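First residue of the sequence shown: 0, per numbering that gives the first Met the number 0; consecutive thereafter. Every residue gets a Cβ at the ideal spot worked out from N, C-alpha and C, and that includes glycine. Treat the numbers as computed from the prediction; the structure is a model and nothing was measured. Okay, so here's the structure we're looking at.
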Amino acid sequence: MVQEITSCAARYRENNCHAPIPAVEKQCSVWNVCMNKDPTKLGRARISAETMAEIVNSFVDAISWKTLVPFSCHAQSVGLN
């Protein structure tokens, strides 16, 4: 992520995007958004998603299939009524 931000910042500077010409104005805008990303936000989101996945996996692993099948059948029958 940091490498991508660094690359976007370099492209932004190389193409003089502080005062862009019309031909590169759109791409400069893309580089501007990219270089101003907060790398800590993505890291937190990834950690949160991994934590949730671990919780769900540990819950499902703890329940035997013999318990899970009747529970899902019950849930479906309740949903159909």
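Quick check on C16: buried or exposed, where buried means 16 or more other Cβ atoms within 10 Å of its Cβ? Buried, by the Cβ-count rule.
Residue from P21, S28, N35 whose Cα sits closest to the Cα of Q2: Of the candidates P21, S28, N35, N35 places its Cα closest to the Cα of Q2.
The alpha helix (DSSP H) that contains C33, what's its start and end? Looking at the DSSP string, the run of the alpha helix (DSSP H) that includes C33 is 24 to 34.
Mind checking which residues open and close the alpha helix (DSSP H) that includes A86? Past the edges of the chain, shown from 0 to 80, lies residue 86, and the structure says nothing about it.
Option nearest S6 by Cα separation, candidates M51, V32, A22, K40: When only C-alpha atoms are compared, the closest one is V32.
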